[in-house]
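Engineer: Every letter in the sequence shown is one number past the one before it in the working numbering, and letter 163, counting from 1, is 860.
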Amino acid sequence: MKISDDYRKYLQPEVVAKLSNMELVARLVVEGFITGLHKSPYHGFSVEFAEHRQYMPGDEPKHIDWKIYGKTDRYYIKQFEEETNLKSYIILDASRSMAYGSNRKISKLEYASYIAAALSYLMVQQRDAVGLTVYDEKVRTFMPPHATKSYLKAILKQLELTEGSNKTGTAASLHQIADRIKRRGLVIILSDLFDKPNEVATALKHFRHKKNEVIVMQVLDPLERSFAFGGDAVFKDMETSEEIMTQPWHLQKAYQEEMKKFLDYYKKECRENNIDYVLLDTTTPFDTALFQYLSKRQRLG
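#1: How would you write the range of the beta strand (DSSP E) that glutamine 915 sits in, first residue to last?
#2: With distances taken between CB atoms, is the gap from glutamate 896 to asparagine 863 smaller than 9 Å?
#3: Per the DSSP calculation, aspartate 790 is bridged to which residue(s)?
#4: If I follow the unbroken beta strand (DSSP E) through serine 888, where does it start and stop?
#5: Looking at threonine 830 and methionine 820, is the spacing between their C-beta atoms short of 9 Å?
#6: List the whole-angstrom C-beta distance separating leucine 917 from aspartate 889, where the pair is believed to meet the contact cut-off of C-beta under 8 Å.
#7: What does the Cβ neighbour count give for serine 847, buried or exposed, with the cut at 16 atoms within 10 Å?
#8: Thinking C-beta only, is alanine 814 closer than 9 Å to alanine 723?
#9: Comparing the CB of proline 982 with every heavy atom of the ligand MG, is any distance shorter than 8 Å?
#10: Figure out for me which residue from Val836, Tyr707, Val884, Arg881 has the closest Cα to the Cα of threonine 865.
#11: With DSSP collapsed to three states, give me the class of lysine 854.
#12: Answer with buried or exposed for threonine 753, where buried requires no fewer than 16 other C-beta atoms within 10 angstroms of its C-beta.
#13: Measure from the alpha carbon of leucine 920 to the alpha carbon of each residue in Ala900, Val726, Gln949, Asn909, then state which is nearest.
#14: What is the rounded straight-line gap between the Cα of serine 923 and the Cα of glutamine 953?
#15: Locate the beta strand (DSSP E) running through aspartate 978, then write down its first and last residues.
#16: Mark glutamate 780 as exposed unless 16 or more other C-beta atoms lie within 10 angstroms of its C-beta, in which case mark it buried.
#17: For threonine 845, does the three-state DSSP call read helix, strand or coil?
#18: Could you round the C-beta distance between isoleucine 878 and lysine 907 to whole angstroms and report it? I think they count as a contact, below 8 Å.
#19: Do three or more CB pairs link the segment 968-987 to the segment 909-916 at distances below 8 Å?
#20: By DSSP's criteria, glutamate 860 is part of a beta bridge. Which residues make up the other side?
#21: Spatial neighbours of isoleucine 761 within its chain, please: C-beta separation below 8 Å, excluding the five flanking residues on both sides.
#22: Looking only at its chain, what residues have a beta carbon closer than 7 Å to the beta carbon of leucine 849, apart from the 5 residues adjacent to it on each side?
#23: Got a sec, what are the start and stop residues for the alpha helix (DSSP H) aspartate 825 sits in?
#24: Starting from phenylalanine 839, follow its DSSP beta bridges and name the residues at the other end.
#25: Going by Cα to Cα distance, which pick from Asp892, Arg793, Phe904, Ile788 is closest to leucine 856?
#26: Would you check if the distance between the CB atom of leucine 806 and the CB atom of glutamate 757 is smaller than 9 Å?
#27: Under 9 Å between the Cβ atoms of threonine 985 and asparagine 800?
#28: Taking the C-alpha atoms as reference points, what is the distance between serine 792 and tyrosine 832?
#29: Please report the straight-line C-alpha distance between glycine 755 and aspartate 770, rounded to a whole angstrom.
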C-alpha cells in the first residue's frame, strides 16, 4: 500500500471512529485530504504553503522564507497573525437526536465533530481564525474565532468533551448565535436540522442578513434517509422518549416521500438565499465536506 493510500483511509468514517484523540483525528483526516488533492480540481493546494504568500514589491526581504525558496525557486514570505483575512464560525448541533447512530459505530454527532475538528485544523494551518459554537436547546459553548495553535487545541478538546443531550432548539439557537457574531465571516453549520423547517430557514437567513457567508452541512444517518428497517420495530423519540411499535415496511414509502420533501425544502431555501448546502450521512467520506469548504474558501479569496 502506498503512503498516500494509507493516509486516504482516514477519510473513511468507520476508520476514524476507532481513534480516541480528537487532535489525532483532525491531523489524519486533513493529511488524508491533502494527499488526494493532486487528483482533484484543487491540485496545487498545500497546507505547508497555506501559511505563506508570494513575495510582493514593498515586502520586507527579511521575511522571505529561504527554505521554501530552495524548494520552489520562488520567493515566499511567512504570513503573520494580523494578516488573517477570514473569520470562520463552526456551529455544532449537540442535541439528543444527533447522538443517534444506527450501526453503533459512529453517531451523527461524532461524525459532525470529526468534520468540525478537521475544518478547524485546516483553517488554522491556513492562518484563518476559527471559532466553535455548540448548542442543543440553547447555546452551550461560544468560542469566538482565533488563529493560534493553542486555541485550536482548546477547540479540539471541547469537541472531544461534547455529548448529545437535551432537546433541540436549532432555530432559536441559530438566531442567538447570529446576534452574537459581531464581525462577519464564514458560518458553517453542522446539524441534522430536526426542527421546524420554516423556522430554521428564517434563522439561516439571519446570518445572511448580517452579511455572513454560510455553508449548511446537514448530517443524517443512512437509515434516517432509507427507513430500511426489517421486521417489527420499536421506534423511540430520542428527545421526548415517546415509543411506538410498528412494521416499518408499511410506512417506508410514505416516510421516504416526507423525508424527500424535508430535504428538498432545505435545498431550495439555501439555494434561493445564496447559502451553500451539502447533504452528508455518517458513511460519507470526510473529503466531501472539506471540498465544500475549500471551494467556498477559494471563492472568497
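C-beta: ideal position from N, C-alpha, C; glycine also.
Structural biologist: Looking at the coordinates:
#1: As a position in the sequence shown, residue 915 is number 218, starting the count at 1. First-last of the beta strand (DSSP E) with glutamine 915: 910-917.
#2: Here residue 896 corresponds to residue number 199 of the sequence shown, with the count starting at 1. Here residue 863 corresponds to residue number 166 of the sequence shown, with the count starting at 1. No.
#3: Numbered from its first residue, the sequence shown carries residue 790 at position 93. Bridge partners of aspartate 790: Tyr832.
#4: Start at 1 with the first residue of the sequence shown, and residue 888 comes out as number 191. Looking at the DSSP string, the run of the beta strand (DSSP E) that includes serine 888 is 883-888.
#5: Translated into positions along the sequence shown, residue 820 becomes position 123. Translated into positions along the sequence shown, residue 830 becomes position 133. Contact: no.
#6: On the sequence shown, position 220 is the one that residue 917 refers to. On the sequence shown, position 192 is the one that residue 889 refers to. Confirmed, about 6 Å.
#7: If you number the sequence shown from 1, residue 847 lands on position 150. Per the 10 Å Cβ criterion, exposed.
#8: Locating residue 723 in the sequence shown gives position 26, where the first residue counts as 1. Locating residue 814 in the sequence shown gives position 117, where the first residue counts as 1. Against a cut-off of 9 Å, the Cβ pair of alanine 814 and alanine 723 comes out as a contact.
#9: Ligands are entirely absent from the displayed structure, and the ligand MG is therefore not among its contents.
#10: Position 168 of the sequence shown, counted from the start, is the residue given in the question as residue 865. Minimum Cα distance to threonine 865 is reached at Val836.
#11: In the sequence shown, the residue the question calls residue 854 occupies position 157. Helix.
#12: For the purposes of this step, residue 753 is taken as residue 56 along the sequence shown, with counting starting at 1. According to the sequence shown, residue 753 is methionine rather than threonine. By the 10 Å Cβ count, methionine 753 comes out exposed.
#13: Residue 920 sits at position 223 when you count from the first residue of the sequence shown. It is Gln949 whose Cα lies nearest to the Cα of leucine 920.
#14: Taking the first residue of the sequence shown as 1, we reach residue 923 at position 226. Taking the first residue of the sequence shown as 1, we reach residue 953 at position 256. Going by the C-alpha atoms only, they are around 7 Å apart.
#15: Here the question's residue 978 lines up with position 281 in the sequence shown. Element bounds for aspartate 978: 973-978.
#16: Counting from 1 along the sequence shown, the entry for residue 780 is found at position 83. Note that glutamate 780 scores 49 on pLDDT, short of 50, meaning its location in the model is unreliable and no value can be drawn from it.
#17: Locating residue 845 in the sequence shown gives position 148, where the first residue counts as 1. In this structure, threonine 845 counts as coil in the three-state DSSP scheme.
#18: Position 181 of the sequence shown, counted from the first residue, corresponds to residue 878. Position 210 of the sequence shown, counted from the first residue, corresponds to residue 907. With a Cβ gap of about 7 Å, isoleucine 878 and lysine 907 count as contacting.
#19: yes
#20: Here residue 860 is taken as the residue at index 163 of the sequence shown, counted from 1. Per DSSP, none; premise fails for glutamate 860.
#21: Taking the sequence shown and counting its residues from 1, one reaches residue 761 at position 64. Hits under 8 Å: Tyr752, Tyr772, Tyr773, Ile774.
#22: Within the sequence shown, the letter at position 152 stands for residue 849. Answer for leucine 849: Ser817, Tyr818, Val821, listed in chain order.
#23: The count along the sequence shown starts at 1 and reaches residue 825 at position 128. First-last for aspartate 825: undefined, no H or E at that position.
#24: Against the sequence shown, residue 839 aligns to sequence position 142. DSSP output for phenylalanine 839 lists Thr830 as bridge partner(s).
#25: As a working note, residue 856 is residue 159 in the sequence shown. Cα-wise, what sits closest to leucine 856 is Ile788.
#26: Within the sequence shown, residue 806 is the residue found at index 109, counting from 1. Within the sequence shown, residue 757 is the residue found at index 60, counting from 1. Not a contact, by the Cβ cut-off of 9 Å.
#27: In the sequence shown, counting from the first residue as 1, residue 985 sits at position 288. In the sequence shown, counting from the first residue as 1, residue 800 sits at position 103. Not in contact: threonine 985 and asparagine 800 (Cβ atoms no closer than 9 Å).
#28: Along the sequence shown, one-based indexing puts residue 792 at 95. Along the sequence shown, one-based indexing puts residue 832 at 135. Their Cα atoms are separated by approximately 7 Å.
#29: Locating residue 755 in the sequence shown gives position 58, where the first residue counts as 1. Locating residue 770 in the sequence shown gives position 73, where the first residue counts as 1. Whole-angstrom Cα-Cα distance: 19 Å.
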